[in-house]
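Trainee: Heads up: the sequence shown is residues 793 to 1104, going by this note's numbering. Backbone N, C-alpha and C fix where the C-beta goes; we use that ideal spot for every residue, glycine too.
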Amino acid sequence: MINNFIKKIRNKWHNDIINKIFISNYDISWNVSGKTWFAEFENYHNFISDINIQDYIKKLFSISYEPPYSIPIYCDICKNISISNSFILYGIEESYSCNNCGMNSRKRAMYEFVYNQYRNKKNIYIQEAVTTAYYIYEKLFNKNNIIGSEYLGEDKTCGKYYNYLNNNIMHQDCTNMSFSDNTFDLIISQHIFEHIFEVKQSLSELFRITKPNGAIVLSFPFFLFQEKNNILARRIKIENKNEFNIEYLHTPPKFHINPADPQGGSLVYWEHGWEFLDIMRDVGYTDVKLHLYNNVYKGYFGCQSLISAKKE
Ligand SMILES: [Zn+2]
793 MINNFIKKIR NKWHNDIINK IFISNYDISW NVSGKTWFAE FENYHNFISD
843 INIQDYIKKL FSISYEPPYS IPIYCDICKN ISISNSFILY GIEESYSCNN
893 CGMNSRKRAM YEFVYNQYRN KKNIYIQEAV TTAYYIYEKL FNKNNIIGSE
943 YLGEDKTCGK YYNYLNNNIM HQDCTNMSFS DNTFDLIISQ HIFEHIFEVK
993 QSLSELFRIT KPNGAIVLSF PFFLFQEKNN ILARRIKIEN KNEFNIEYLH
1043 TPPKFHINPA DPQGGSLVYW EHGWEFLDIM RDVGYTDVKL HLYNNVYKGY
1093 FGCQSLISAK KE
C-alpha cells in the first residue's frame, strides 16, 4: 500500500537525491522502497568503525539541507498523503510538519516506530500531557491505557492533578516519580532528556516503573559523532534548602520551546552522545539500541535517530 503512495509522491527531486547519495558498497534500496529505519548501533565504536555508514552519512549531510520548501509526504499518523512545509529554524527534525495532523518530522517518525513495534502494548506512560502528540497516542492506545504527565514546578506533588492551561494535568518529577515499581509496558519520552540534569537518576526511575518485558523509546537531540555527553549547564543544590542554583557552562544558555511553559522555555543541560546508551545499561535496561532513520517520502531528512530498550 505504501508503495502506491510512493509512486504518487516520487518526483524528479527524489530521484536526484537517490542518485546523489548512492554509494557503491552500501545498499540503499530501502531508500527507493520507502523503508524508514536503515541501521542500528549499540555503541560509539560500532558506529564510528562502520565505514559504509560513515560514507553514507557524509553524503546525506551534504545534500539534506536542500529539500524544497513544500513537498508532498506520506504521513503515518493520517495514513494519507499530505503537504508538509519546511520551517528549519529549530533543526530539520523539527520541520516538515504534516498539514493535516500538525506533527513534525521527528514526531511522525517516533509514531511510526511505536506503531510498528508496540501498538499492542497496554499501560503506556508518556512524558508529556499538554501536547498534540499526547492526544494522538491517546487515540492509538485508547484513553484507559495511557497516562501522560508534565513537570509543573518544584512546589507541586507528584501524581497529583492540577488545573493547567485549562486542562487537568498530572505533575511528575522524573527524578522521583509517584508510580509503583513495574507499572508500565511502554514508556515514550520525546525531547525531555536534554532538559534533565540528573540523567542517571531519571533513567533509573523510568527503569523502576517499567514492567518486566516492557520497553522504553526515547528521542532527543542526539550528537552522533560525540562519544561522551556534553554538559551545558548544571544544577547545584543550595545547602539546607530544597532549592538549586544553576551554573551555566555555555554562553548564551540554550533554551527550547516548552508547551507546558510557553513563556519560559526549557533550559538545555546536555548535548547527549553515545554515553547516554551506557547510562541506560548501567540502570538495568537491555537491548539498548540507537536506530538511524531517513525517509524522503515521509519528510524525514538528514540522519535522525531514536533509542529503544527493554527491561528483561
Ligand atoms: Zn498527518
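Using only alpha-carbon positions, find the residue among C867, Y907, V906, H963 that is nearest to Y888.
Mentor: Here residue 888 refers to the residue found at position 96 of the sequence shown. The option with the nearest alpha carbon to Y888 is C867.
Trainee: Using only the alpha-carbon positions, how far apart do D826 and D847 sit?
Mentor: Along the sequence shown, one-based indexing puts residue 826 at 34. Along the sequence shown, one-based indexing puts residue 847 at 55. A quick correction: the sequence has Gly, not Asp, at residue 826. Between the alpha carbons of G826 and D847 lies a gap of roughly 20 Å.
Trainee: Keeping to the same chain, check which residues put their C-beta closer than 6 Å to that of K1090; ignore five residues upstream and five downstream.
Mentor: Position 298 of the sequence shown, counting from 1, holds the residue named residue 1090. Cβ within range, chain order: I865, Y866.
Trainee: With 9 Å as the threshold, decide whether the Cβ of Y1061 is near any Cβ in chain D.
Mentor: Absent from the structure is chain D; it holds one protein chain and no more.
Trainee: Does the region 995-1004 come into contact with the region 1070-1079, if we say contact requires no fewer than three beta-carbon pairs (one atom in each stretch) closer than 8 Å?
Mentor: When Cβ pairs closer than 8 Å are counted between the two stretches, the region 995-1004 is seen to touch the region 1070-1079, the count reaching three or more.
Trainee: Could you work out which residue in Q982, N807, P1051 is closest to Y929 when comparing CA atoms only?
Mentor: Taking the first residue of the sequence shown as 1, we reach residue 929 at position 137. Among Q982, N807, P1051, the Cα nearest to that of Y929 is on Q982.
Trainee: Could you check where the beta strand (DSSP E) with K1029 kicks off and where it finishes?
Mentor: On the sequence shown, residue 1029 is found 237 positions in, with the first residue counted as 1. Its beta strand (DSSP E) spans residues 1025-1029.
Trainee: Could you compute how far the alpha carbon of K1116 sits from the alpha carbon of L995?
Mentor: Limits of the chain in this structure are 793 at one end and 1104 at the other, which puts residue 1116 out of reach.
Trainee: Closer than 8 Å by C-beta to K1058: which residues in its own chain qualify, once you throw out the five before and the five after it? Chain order, please.
Mentor: The count along the sequence shown starts at 1 and reaches residue 1058 at position 266. The sequence shown places Ser at residue 1058, rather than the Lys named in the question. In its chain, beyond the 5 residues on either side, H987, F1047, H1048, I1049, N1050 have a beta carbon closer than 8 Å to the beta carbon of S1058.
Trainee: Does DSSP put W1066 in a helix, in a strand, or in coil?
Mentor: On the sequence shown, position 274 is the one that residue 1066 refers to. Here W1066 sits in coil by DSSP.
Trainee: According to DSSP, Q1096 sits in a beta bridge with which residue or residues?
Mentor: If you number the sequence shown from 1, residue 1096 lands on position 304. Note: Q1096 sits in a beta bridge opposite Y1085.
Trainee: For the region 868-876 against the region 890-897, do three or more pairs of beta-carbon atoms, one drawn from each stretch, fall closer than 8 Å, so that the two count as touching?
Mentor: yes
Trainee: Taking C-beta to C-beta, are A1101 and V1088 nearer than 9 Å?
Mentor: The residue given as residue 1101 occupies position 309 in the sequence shown. The residue given as residue 1088 occupies position 296 in the sequence shown. Their beta carbons are not under 9 Å apart, which means A1101 does not touch V1088 by this criterion.
Trainee: Under the criterion of a Cβ to heavy atom distance below 8 Å, does C1095 qualify as lining ligand 1?
Mentor: Numbered from its first residue, the sequence shown carries residue 1095 at position 303. Checking the Cβ of C1095 against ligand 1 gives no.
Trainee: Report the three-state DSSP secondary structure of K804 (helix, strand or coil).
Mentor: In the sequence shown, residue 804 corresponds to position 12, counting from 1. If DSSP states are grouped into helix, strand and coil, K804 belongs with the helices.
Trainee: Just checking my contact of Y943 with F989 at CB under 8 Å: how many whole Å lie between their CB atoms?
Mentor: The count along the sequence shown starts at 1 and reaches residue 943 at position 151. The count along the sequence shown starts at 1 and reaches residue 989 at position 197. Contact doesn't hold; Cβ gap of about 12 Å is too wide.
Trainee: Quick check: is any heavy atom of ligand 1 less than 8 Å from the C-beta of I869?
Mentor: Here residue 869 corresponds to residue number 77 of the sequence shown, with the count starting at 1. Yes, ligand 1 has a heavy atom inside 8 Å of this Cβ.
Trainee: State yes or no: is the C-beta of M902 nearer than 8 Å to some heavy atom of ligand 1?
Mentor: On the sequence shown, position 110 is the one that residue 902 refers to. Because no heavy atom of ligand 1 lies under 8 Å away, the Cβ of M902 does not count as near it: no.
Trainee: Who are the near neighbours of I938 in its chain, counting only those whose CB is closer than 7 Å to its CB and skipping five residues on each side?
Mentor: As a first step, residue 938 must be located in the sequence shown, where it is residue number 146. Closer than 7 Å at the Cβ level, and outside the excluded window around I938, lie I916, I918, Y929, E930.
Trainee: Quick test of the definition: if touching needs 3 or more C-beta pairs under 8 Å, does the region 1016-1024 touch the region 1063-1073?
Mentor: They touch, by the three-pair rule.
Trainee: Comparing the CB of C893 with every heavy atom of ligand 1, is any distance shorter than 8 Å?
Mentor: As a position in the sequence shown, residue 893 is number 101, starting the count at 1. The answer is yes for C893.
Trainee: Quick one: what's got a C-beta closer than 8 Å to I873's C-beta in the same chain, skipping five residues either side?
Mentor: Here the question's residue 873 lines up with position 81 in the sequence shown. Result list for I873: F797, K800, I801, P864, I865, Y866, C867, in chain order.
Trainee: Helix, strand or coil for Q982? Go by DSSP, reduced to three states.
Mentor: Along the sequence shown, read from residue 1 onward, the residue named residue 982 stands at position 190. In the structure shown, Q982 sits in a strand (DSSP, three-state: E or B).
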